[in-house]
Amino acid sequence: MLFGYTITMNNNEQLMEKIISLSKNRGFIFQAGELYGGMAGIYDYGPLGSLLKNNIKNLWIKKFVENRRDMYLLDSAIVMGEKPLTASGHVGGFSDPMIECLNCGTKHRTDNLINELEMNSVLDLALKPINDAVHATKDINGTFLNVFQKEKAESLIFEKKVSDSNEEFLLANKYLGQYPSIYLKSIEKKCEKCNKVAWADEAHEFNLMLKTQLGSSSDSSSTAYLRPETAQGIFVNYKNIMDSMHPKLPFGVAQIGKAYRNEITPRNFIFRLRELEQMEIEYFIHPENWKAEFEYWKDEMLEWSEMIGLDMNKLHEVEIGENDRAHYSQRTVDFEFDYPFGQKELFGLAYRGDYDLIKHAEASKTKLQYTDPVANETFVPHIIEPSMGLDRTILAILASAYTEDEIDGNTRLYLALNPLVAPYKIAVSPLVKNKEYIVNEANRVFGQLKAEFGNVSWDDNGNVGKRYRRQDEIGTPFCVVVDYDTLEEGHADFGTGSIRHRDTAEQERVAITELNNYFTEKLS
Ligand SMILES: [Zn+2]
Numbered sequence: 003m004l005f006g007y008t009i010t011m012n013n014n015e016q017l018m019e020k021i022i023s024l025s026k027n028r029g030f031i032f033q034a035g036e037l038y039g040g041m042a043g044i045y046d047y048g049p050l051g052s053l054l055k056n057n058i059k060n061l062w063i064k065k066f067v068e069n070r071r072d073m074y075l076l077d078s079a080i081v082m083g084e085k086p087l088t089a090s091g092h093v094g095g096f097s098d099p100m101i102e103c104l105n106c107g108t109k110h111r112t113d114n115l116i117n118e119l120e121m122n123s124v125l126d127l128a129l130k131p132i133n134d135a136v137h138a139t140k141d142i143n144g145t146f147l148n149v150f151q152k153e154k155a156e157s158l159i160f161e162k163k164v165s166d167s168n169e170e171f172l173l174a175n176k177y178l179g180q181y182p183s184i185y186l187k188s189i190e191k192k193c194e195k196c197n198k199v200a201w202a203d204e205a206h207e208f209n210l211m212l213k214t215q216l217g218s219s220s221d222s223s224s225t226a227y228l229r230p231e232t233a234q235g236i237f238v239n240y241k242n243i244m245d246s247m248h249p250k251l252p253f254g255v256a257q258i259g260k261a262y263r264n265e266i267t268p269r270n271f272i273f274r275l276r277e278l279e280q281m282e283i284e285y286f287i288h289p290e291n292w293k294a295e296f297e298y299w300k301d302e303m304l305e306w307s308e309m310i311g312l313d314m315n316k317l318h319e320v321e322i323g324e325n326d327r328a329h330y331s332q333r334t335v336d337f338e339f340d341y342p343f344g345q346k347e348l349f350g351l352a353y354r355g356d357y358d359l360i361k362h363a364e365a366s367k368t369k370l371q372y373t374d375p376v377a378n379e380t381f382v383p384h385i386i387e388p389s390m391g392l393d394r395t396i397l398a399i400l401a402s403a404y405t406e407d408e409i410d411g412n413t414r415l416y417l418a419l420n421p422l423v424a425p426y427k428i429a430v431s432p433l434v435k436n437k438e439y440i441v442n443e444a445n446r447v448f449g450q451l452k453a454e455f456g457n458v459s460w461d462d463n464g465n466v467g468k469r470y471r472r473q474d475e476i477g478t479p480f481c482v483v484v485d486y487d488t489l490e491e492g493h494a495d496f497g498t499g500s501i502r503h504r505d506t507a508e509q510e511r512v513a514i515t516e517l518n519n520y521f522t523e524k525l526s
């Protein structure tokens, strides 16, 4: 940080646009399928974005797997069958309610039409029939839960002392379907597209999973999905891991991988995506220890946030109240971040109890248990789940790092990335391109540093000033320039290179023979 002069961006919208434009122009993130008009909610990571992403993944595996003795890495398949996802509740309940405009045929997500305050009015309208409905006895083949604010509606039902049996939820939901429509008509909410008030009588569920068909047959046994979260791959492998690795409690299974959600309205760049990547841990514990384990994982997540260079002033720990938690969770903490578009979820930490293993045990008719070898006690382990979205992490890192200051009267933009995640750690340049001995020495220095630090960039485009600006914008912490002084008296062993620091724009000279030691210290 250049002290005394840092422009703070007042206009957050502008900041978001700047991040998106930098991401594209500097090879971090591209709209997928851009050549053919682009696909909403899907992005490609370019050369520098891929390096940034890999650095984060490698750090995550190092911190949460390699540096521990109680963690197992997993790489489960992206394609999942219908049975496990039915057991997990995703086939029935992982959905958004949509309401159609009968005039123009556009389908809208109801939670985009009705804000949170208005939801209370809708829920008020709905409460009475819910109570009637849950006491009804007829059987309905519906979905699990049909409300935009699922947990909120659930808690409302709970407060009315209604039991949580699945059937009652089905009934309750069925009856909630019409209330968004009644409400929208009552306030004469217009369709954004055709400006008419012509809402269908009921909202319909739109399942967010991407469905596919395996093989040539088209019966339900061949139905498969792209997984909506990596966690289910861990739960369904619990027994395999127990039988093959024989872990003792507590232990965890960690996984990084893609997940898919057919979001109706993907938005905010890489925040709400249809193809996303997650870094998730399922940590299996004895139920007695859940409080201490939860605290421990909360600290671990904070440590991780700091380690990757998030602006800790923008990170907020939000304790999720009883009414807003999933009903099986006794405690959930969201880590929210001040993105340019507002404070939204970045990471989640949930105590899931034995919910997941019990659901899969019931559906698969297989015991998913643990027997303590000392106490000889058999039980279903409980689970603490630290869950981290990788794309959101990248967005938060970019938002934390984006900085503008002023040098010599000109605005300068740089990414103040933590060297641990920066795509390139060092850029090496020859001062001039037309002096062979300088280019040769710069090449030698480049080879020497690249062998040691891997992500080192060679940059001989334009003049040195332009190279600095480019390296600043991609967050390279250090530039090394081999110049005339380096080869003073023709003796490279005594020569020095000019090292230029990204954040301060200051330069110093370090002996070429000392560079590896210098950077080992700076980059660790
Ligand atoms: Zn319309």
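In terms of my numbering, the sequence shown opens at residue 3 and continues consecutively. Even for Gly, the Cβ is constructed at its ideal location relative to N, Cα and C.
{"Query": "Mapping DSSP to helix, strand and coil, what is His92?", "Result": "helix"}
{"Query": "Should Lys195 be counted as a contact of ligand 1 given a C-beta to heavy atom distance under 6 Å?", "Result": "yes"}
{"Query": "Can you confirm whether the segment 427 to 447 touches the segment 405 to 412 when touching is taken to mean that 3 or more C-beta pairs between the two stretches lie within less than 8 Å?", "Result": "no"}
{"Query": "Which residue comes first and which comes last in the beta strand (DSSP E) that contains Glu284?", "Result": "277 to 287"}
{"Query": "Say yes only if the C-beta of Thr108 is nearer than 6 Å to one or more non-hydrogen atoms of ligand 1, and no if none qualify.", "Result": "yes"}
{"Query": "Nearest to Arg229 by CA position, among Ser218, Met247, Asn264, is which residue?", "Result": "Asn264"}
{"Query": "Helix, strand or coil for Ala226, going by three-state DSSP, please let me know.", "Result": "strand"}
{"Query": "In whole angstroms, give me the CA-to-CA distance for Thr267 and Ser183.", "Result": "19 Å"}
{"Query": "Pick helix, strand or coil for Tyr426, following the three-state DSSP scheme.", "Result": "coil"}
{"Query": "Within 10 angstroms of its Cβ, does Thr373 collect 16 or more other Cβ (buried), or is it exposed?", "Result": "exposed"}
{"Query": "Might you give, ordered along the chain, the residues of its own chain that have their beta carbon closer than 8 Å to the beta carbon of Leu76, omitting 5 neighbours on each side?", "Result": "Gly235, Ile236, Asn239, Ile243, Val255, Ala256, Gln257"}
{"Query": "When every heavy atom of ligand 1 is checked, does at least one fall within less than 6 Å of the C-beta of Asn315?", "Result": "no"}
{"Query": "Is the segment 338 to 347 touching the segment 390 to 405, taking contact as three or more C-beta pairs under 8 Å?", "Result": "yes"}
{"Query": "Quick check: the segment 213 to 228 against the segment 355 to 365, are at least 3 beta-carbon pairs closer than 8 Å?", "Result": "no"}
{"Query": "So within the segment 25 to 108, which uninterrupted beta strand (DSSP E) runs reach at least 3 residues, ignoring any that extend past its ends?", "Result": "31 to 33, 45 to 47, 73 to 76, 81 to 83, 97 to 102"}
{"Query": "Thinking just about the alpha-carbon of each residue, which of Pro388, Met314, Glu231 is nearest to the one in Phe286?", "Result": "Pro388"}
{"Query": "Count the other CB atoms within 10 Å of the CB of Cys103; is the residue buried (16 or more) or exposed (fewer)?", "Result": "buried"}
{"Query": "Just to check my reading of the structure: Met390 and Met314 have Cβ atoms closer than 8 Å, yes? What is that Cβ distance to the nearest angstrom?", "Result": "Contact flag wrong, Cβ pair sits at about 16 Å."}
{"Query": "Where Arg274 and Leu397 are concerned, what is the direct C-alpha to C-alpha distance, given to the nearest angstrom?", "Result": "11 Å"}
{"Query": "Is the segment 478 to 485 in contact with the segment 426 to 441, if contact means three or more CB pairs nearer than 8 Å?", "Result": "yes"}
{"Query": "Who are the near neighbours of Leu50 in its chain, counting only those whose CB is closer than 7 Å to its CB and skipping five residues on each side?", "Result": "Arg28, Gly29, Phe30, Pro425, Ile476"}
{"Query": "Just verifying my parser: in three-state terms, what is the DSSP assignment at Val483?", "Result": "strand"}
{"Query": "Do three or more CB pairs link the segment 18 to 25 to the segment 367 to 383 at distances below 8 Å?", "Result": "no"}
{"Query": "Rank Gln332, Val81, Val320 by C-alpha distance to the C-alpha of Pro289 and give the top, closest one.", "Result": "Gln332"}
{"Query": "DSSP puts Pro388 in a beta bridge; with which residues?", "Result": "Leu351"}
{"Query": "In this structure, does DSSP put Val466 in helix, strand or coil?", "Result": "helix"}
{"Query": "Does the segment 411 to 418 come within contact of the segment 292 to 303, defined as at least 3 CB pairs closer than 8 Å?", "Result": "no"}
{"Query": "Look up Leu489 in the DSSP assignment and say whether it is helix, strand or coil.", "Result": "helix"}
{"Query": "Take Leu53 and list the residues in its own chain whose beta-carbon comes closer than 8 Å to its own, dropping the five residues that flank it on each side.", "Result": "Pro425, Tyr426, Asn457"}
{"Query": "Tell me whether Arg446 sits in a helix, a strand or coil according to DSSP, three-state version.", "Result": "helix"}
{"Query": "Taking all protein chains shown into account, decide if Pro375 is buried (16 or more other Cβ within 10 angstroms of its Cβ) or exposed.", "Result": "exposed"}
{"Query": "Give me, in chain order, the residues of the same chain whose beta-carbon lies closer than 7 Å to that of Val124; leave out the 5 immediate sequence neighbours on both sides.", "Result": "Ile116, Tyr181, Pro182, Tyr185"}
{"Query": "Report buried or exposed for Ile189, applying the criterion of at least 16 other Cβ atoms within 10 angstroms of its Cβ.", "Result": "exposed"}
{"Query": "Anyone know if the C-beta pair for Asp461 and Ala429 falls short of 7 Å?", "Result": "yes"}
{"Query": "For Phe208, report the span of its alpha helix (DSSP H) as first-last.", "Result": "Run containing Phe208: none in the alpha helix (DSSP H); it sits in the beta strand (DSSP E), 206 to 209."}
{"Query": "In whole angstroms, what separates the C-alpha of Phe521 from that of Asn325?", "Result": "51 Å"}
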